[in-house]
Amino acid sequence: MAVLSFGQALRDALDVAMSEDERVFIAGEGVGVSIHYDPNLPTHGLLEKYGPKRVKDTPVSEAAIAGLAVGASTLGLRPVVEIMFFPFITLATDMLVNHAGKLRYLSGGKSSFPLTVRVKAGVNFAAGCQHSHNLEAWLAHSPGLKVVFPSTPAEAKGLLLSAIFDPNPVVVVEEMLLYWMQGEVPDGDYRIPIGKARVVIPGKDCTIVSYGGAVYTALEAAKTLSGEGISLEVVDLRSLVPLDRRCLLDSVSRTGRLVVLHDATKFGGFGAEISAIVAEEAFDMLKAPVKRVAAPDIPVPVSPPQEIFYKPSSEMIIEAVRSTVGKA
Amino acid sequence: MDSREVDAGLRKTMYEEMVLIRKFEEKLIELSQEKDKLVGMQILANGQEAVAVGIVKALKPDDVIVSNHRSHGHLLAKGANPKYLMAEIMGKATGVNKGKSGTLHMAVPEVNALMTTTIVGGGPPLAVGAAFAQQYRGESNITVVFFGDGAAAEGSVHEAMNLSNLWKLPVLFVCENNCWAGAQSLSEHCAVGDIAARAVGYGMPGELVDGNDVAKVYTLAKKMVMGCRNGQGPALIEAKTYRMRGHGEHDHQHYVDKKELEEWSRLCPIKRLRNNMLSEGLVSEAQLQTIGRQVEARVDEAAKFGTESPYPLPEEALEDVWVEDFTMQQVAQ
Ligand SMILES: Cc1ncc(C[n+]2csc(CCOP(=O)(O)OP(=O)(O)O)c2C)c(N)n1
Ligand SMILES: [Mg+2]
Chain S
1 MAVLSFGQAL
11 RDALDVAMSE
21 DERVFIAGEG
31 VGVSIHYDPN
41 LPTHGLLEKY
51 GPKRVKDTPV
61 SEAAIAGLAV
71 GASTLGLRPV
81 VEIMFFPFIT
91 LATDMLVNHA
101 GKLRYLSGGK
111 SSFPLTVRVK
121 AGVNFAAGCQ
131 HSHNLEAWLA
141 HSPGLKVVFP
151 STPAEAKGLL
161 LSAIFDPNPV
171 VVVEEMLLYW
181 MQGEVPDGDY
191 RIPIGKARVV
201 IPGKDCTIVS
211 YGGAVYTALE
221 AAKTLSGEGI
231 SLEVVDLRSL
241 VPLDRRCLLD
251 SVSRTGRLVV
261 LHDATKFGGF
271 GAEISAIVAE
281 EAFDMLKAPV
291 KRVAAPDIPV
301 PVSPPQEIFY
311 KPSSEMIIEA
321 VRSTVGKA
Chain H
1001 MDSREVDAGL
1011 RKTMYEEMVL
1021 IRKFEEKLIE
1031 LSQEKDKLVG
1041 MQILANGQEA
1051 VAVGIVKALK
1061 PDDVIVSNHR
1071 SHGHLLAKGA
1081 NPKYLMAEIM
1091 GKATGVNKGK
1101 SGTLHMAVPE
1111 VNALMTTTIV
1121 GGGPPLAVGA
1131 AFAQQYRGES
1141 NITVVFFGDG
1151 AAAEGSVHEA
1161 MNLSNLWKLP
1171 VLFVCENNCW
1181 AGAQSLSEHC
1191 AVGDIAARAV
1201 GYGMPGELVD
1211 GNDVAKVYTL
1221 AKKMVMGCRN
1231 GQGPALIEAK
1241 TYRMRGHGEH
1251 DHQHYVDKKE
1261 LEEWSRLCPI
1271 KRLRNNMLSE
1281 GLVSEAQLQT
1291 IGRQVEARVD
1301 EAAKFGTESP
1311 YPLPEEALED
1321 VWVEDFTMQQ
1331 VAQ
C-alpha cells in the first residue's frame, strides 16, 4: 500500500500496464508534454519513462484519436487514449459509438476491440459548458461500450488496470477535481472487477446511489443526517456498464428507499435508468417513491454563483431523503 | 508590400485598436493574479493583435465573425464594448452574456460576432452556415472564421473548406498560426506546416502573411474579402504569428525555448507599427502616449465597471436555454 493522489493512482495503473505489457501504448493531446506540469496528472512523466514510441502526443483530432484506438486494438495492441474534457468526446463518438461498440457485433463475434478511453470530467472548474458536460448516460446508452467512473484513488487504479486488460472497449471517466485527493492504493497489478459496485457506508433508512465525485456529496449528506438519526447507505456504482444490479437491489431491499444522485443533468440521465430498474424489479420493496437529485437541465454556466447552483448539493440530498423518509 | 500603402489615418486607428487589445489583456493578467476576480483560465492573444485588427478592418459592420477560445482580440476589433466583455470575464450579470459564458465563448451579436466556440475546430462549420445564409438571402456580407494551427487538424475544418468552395460560399478562413497547439509545437502536430498550402486542395485562393505586420494582414484581407464578396467563394489566409504568453495564464511554458520567445518579442506587432509610424513622421511620441493613456482609461473604466457589477442570481442560470419561457422541469409536469 502507498498513499497516492487520485491522479498518481491513475498514473501508477498506466505505469504498471506499460511495464507489464509491451502492447499497451497511450495517446492523446498533451499526454507526453502538457501545458500543466503537475505530478498529480495521470500521464506525468510517462514520456520520459517509456519514450515517444509508446507515449504519443497527437494533433487536436479527437476522431482520429478514437479511431487510432479502435484500429490498433483489433490488431492486438492495447491502446489507452485520452479525450481531454468530456464534451470533446462528442467529436470522438462516431468512432466510439458506431465503431468501437459495434464492429465486433458486425463481425459476428470474430473481432474484438480491447481499447480504453480516458476522459476528464467535472462540472465545476470555471470553464463553462463546452468543457463541463457529463455525458456518461450517452455512452451508457450505446451498446458495446463499458463505462466506469471511479471515486477514490484505489478505485481509479484498480478500474483503469481492469479497463486496459478488458477485451472490450471501456471508457474510464475521471473526476478531474479528485486528481489531488489522497488515498491508500494497493501496489502492483491491482485490479477491481468492472461491474462491481461498493457499499461505501452501510445504513438502514435510505439508499443513496451515486458515482464519481458526487459520492462525496452523498457522504456529506449522510454525515449531517446521521446527526438527525437518519441512517443512509451510500452505494458507489463505480461501473455504469455493466451495472451491479445485485448490489443496487440488495441495498434497496435493506433500506426500502432510494435517492439517486449524479452531477449530470436530470432528464434522460443515468439516474433514470437506476430508478427504472428499481421500479421494475424492486417495486414491492419500496416504502416511498424513488427520488433523483441531479443537475438542472441546462448547460453548465460560468458565473460562480450559478456554477454552484448547477452542481447538486448535499442540502438537496438531505431534502430528498427527508421527504423520502417522511420527515420533510 | 510596403506598409506605407496603407492610409496613415487607418494605420493610426489600427494602432489604437491593437493597443486596446493589448492593454485589455494586460489588465486581465493583473486581475488574474488577484483572488476570485476573474473566472477561469485566461487565454490571451498577446502578440497576435495584428491578425484580429488587420482582418477585421477589412470588413464591414454587417460582416460576421466566428471566433474561438482566443477571442478577446477578435471581439474588441469588431467593436465589442470592453466594459461588457470585462464584466463577462468576471462572471457578472452585466456581462455581455450575463455570466453564462465567461472568457471562453463570448458572443457579441450586437457587432455580428455571432458565434464563439471553444470547441477547437467548431468554428469553420459554423461559418459555412452563416455564409450560406448570407448567400441564400442575396446579401453581399461575408463571414470570417478565426481558427488556430491546432484546429487545422480537426476533420471539421476539412469538411467546412470543401463544402464552402463547392457552394461558393463567402467564407474567409483565417488560420492564426501561432506555432503552438497546447504544448505541441507546429512541427509536432501538423504534417505540412504551411497551412495556406492546403487551399489548393480545395481549389480556393490561399496565402501566407506575416501576422505580426498589421498593414500586410489588412492588405491581404482586403483582397481576399473582395473575392468572397464578389461571389468567387471562400479563401484562406494563414497569418504567421506567435503565442507570447503560453496557452493560458496558468501555463508557465516549461516546454518553450526561451530564445524563440525572445526573438518573437522583437517582432511585436505593436512595436513594429509604432516604429514605422514614428519613422515616417506620422505621429509624434507625445501623440502615441496620449493614445496609450486614453486606452488605459477605457480599460480601467471597464475593470471598474466589471468589479462593481453584481453577480447574477443563482436561479437565473435556468434562463436563456430556450427561446420560450419554460424549463425542462415544467415541460415534464
Ligand atoms: C475539440 C477540442 N479539443 C481539445 C480542446 C482543448 N484545447 C483548447 S485550445 C487547444 C489548442 C488549440 O490550438 P490552436 O487551434 O492552434 O489555437 P491556439 O490555442 O494556439 O490559439 C486545445 C487542444 C478543445 N478546446 N476542443
Ligand atoms: Mg495555435
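Read top to bottom, the protein sequences are chains S and H. According to our numbering, the first sequence is numbered sequentially starting from 1. According to our numbering, the second sequence is numbered sequentially starting from 1001. Note that CB positions come from ideal geometry on N, CA and C, so glycine has one too. Nothing here was measured: the structure is a model prediction, and the numbers come from that model.
DSSP places residue 1222 of chain H inside the alpha helix (DSSP H), whose first and last residues are 1214 to 1229. Its Cα nearest to that of residue 9 of chain S, the residue S:181 stands out among S:68, S:181, S:84, S:142. Here the C-alpha atom of residue 150 of chain S lies approximately 20 Å from the C-alpha atom of residue 96 of chain S. The three-state secondary structure of residue 247 of chain S, taken from DSSP, is helix. Listed by position along chain S, the residues whose Cβ is nearer than 9 Å to that of residue 1033 of chain H form an empty set, because the closest Cβ is around 16 Å away. Between residue 1107 of chain H and chain S, the shortest Cβ-Cβ separation is not below 7 Å. Residue state for residue 1153 of chain H is assigned as helix, using DSSP reduced to three classes.
Cβ-Cβ distances below 6 Å link residue 1180 of chain H to 1243 in the same chain, with the five nearest sequence neighbours on each side left out; the list follows chain order. When DSSP reads this structure, residue 1143 of chain H sits in a beta bridge with H:1064, H:1171. A heavy atom of ligand 1 is found nearer than 6 Å to the CB of residue 1070 of chain H. Ranking S:70, S:55, S:28 by CA distance to the CA of residue 22 of chain S puts S:55 first.
Within the segment 219 to 283 of chain S, the complete beta strand (DSSP E) segments at least 3 residues long are 232 to 236, 239 to 241, 258 to 265, listed from N- to C-terminus. Close CB contacts of residue 324 of chain S within its chain, under the 7 Å cut and outside five residues either way in sequence, are with 206, 257, 259, 288, 291 (chain order). When secondary structure is reduced to three states using DSSP, residue 1206 of chain H falls in the strand class. The distance from the Cβ of residue 187 of chain S to that of residue 161 of chain S is about 12 Å, inconsistent with a contact at the 8 Å cut-off.
One residue list follows from the rule of a beta carbon closer than 7 Å to any heavy atom of ligand 2, given in chain order as H:1148, H:1149, H:1150, H:1176, H:1177, H:1178, H:1179, H:1180, H:1181, H:1243. Just measuring C-alpha positions, the residue of S:320, S:233, S:166 sitting nearest residue 195 of chain S is S:166. For residue 60 of chain S, the Cβ falls inside the 6 Å cut-off from some heavy atom of ligand 1.
Along the length of the segment 31 to 119 of chain S, whole alpha helix (DSSP H) runs at least 4 residues long occupy 46 to 50, 62 to 74, 103 to 106, reported in chain order. Identification of chain S residues near residue 1151 of chain H by a Cβ-Cβ cut-off of 8 Å yields 60, ordered along the chain.
Collapsing the DSSP output to three states places residue 138 of chain S in a helix. In this structure, ligand 1 has no non-hydrogen atom nearer than 6 Å to the beta-carbon of residue 1024 of chain H.
Legend: CB atoms of the segment 107 to 136 of chain S lying less than 9 Å from CB atoms of chain H belong to residues 125, 126, 127, 128, 129, 130, 131. In this structure, the CA atom of residue 1280 of chain H is about 19 Å from the CA atom of residue 1019 of chain H. Taking 7 Å as the cut-off, the Cβ atoms of residue 1050 of chain H and residue 1282 of chain H do not count as close. In the structure shown, residue 1185 of chain H adopts extended strand secondary structure according to DSSP, grouped into three states. Residue 1194 of chain H is outside the set of residues whose beta carbon lies under 7 Å from a beta carbon in chain S. Taken atom to atom, the span from the alpha-carbon of residue 214 of chain S to that of residue 231 of chain S is near 18 Å. Residue environment for residue 1213 of chain H: buried (at least 16 other C-beta atoms within 10 angstroms of its C-beta). For residue 8 of chain S, the uninterrupted alpha helix (DSSP H) segment begins and ends at 6 to 20. Residue pairing of residue 1148 of chain H in beta bridges, as defined by DSSP: H:1176. Residues 28, 31, 118 of the same chain have their beta carbon placed closer than 6 Å to that of residue 82 of chain S, with the five preceding and five following residues left out of the count. Annotation for residue 1161 of chain H indicates a beta carbon at 6 Å or more from all heavy atoms of ligand 1. Between residue 294 of chain S and residue 326 of chain S, the CB-CB gap reaches or exceeds 7 Å.
CA-CA distance, residue 1146 of chain H to residue 1196 of chain H, rounds to 14 Å.
Here the alpha carbon of residue 1173 of chain H sits roughly 10 Å from the alpha carbon of residue 1228 of chain H.
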